[in-house]
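Student:
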Amino acid sequence: MPRFNFDRPADFVDAAREMADSGRPTLARLLAEEAADRTPDPDAAACILAEFPGRSLRQEG
448 MPRFNFDRPA DFVDAAREMA DSGRPTLARL LAEEAADRTP DPDAAACILA EFPGRSLRQE
508 G
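Under our numbering, the first residue of the sequence shown is numbered 448, with each subsequent residue one higher.
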């Protein structure tokens, strides 16, 4: 498995795809949410989340 350098939203999306491909959909969704949060364009953020469907599993405190 490749190592990821998380400097850009695209890095989180790449990691999310890797997790989805390896059967880890929950981790993929969390990484996608982080990518969407770091994406300044709301439409692009929505597209990222649409690629990894599901409800948010984040715990807000």
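Every residue, glycine too, gets a C-beta built ideally from N, C-alpha and C.
Alpha carbons only, please: which of Gly470, Pro489 and Glu498 is nearest the one belonging to Ala479?
Tutor: Looking at the Cα atoms, Glu498 is the closest of the given residues.
Student: Less than 8 Å between the CB atoms is what I'm expecting for Met466 and Ala475, so what's the real figure, rounded?
Tutor: Met466 to Ala475, Cβ: 4 Å. Contact.
Student: Can you say whether Ala462 is buried or exposed, counting buried as having 16 or more other CB atoms within 10 angstroms of its CB?
Tutor: By the neighbour-count rule (16 or more Cβ atoms within 10 Å), Ala462 is buried.
Student: Out of curiosity, what's the CA-to-CA distance linking Arg505 and Pro487?
Tutor: Each residue's alpha carbon lies about 20 Å from the other.
Student: When you compare only the Cα positions, how much space is there between Ala491 and Arg485?
Tutor: Their backbone Cα atoms lie some 10 Å apart in a straight line.
Student: What is the rounded straight-line gap between the Cα of Pro472 and the Cα of Pro489?
Tutor: Using only the alpha carbons, I get a separation of about 23 Å.
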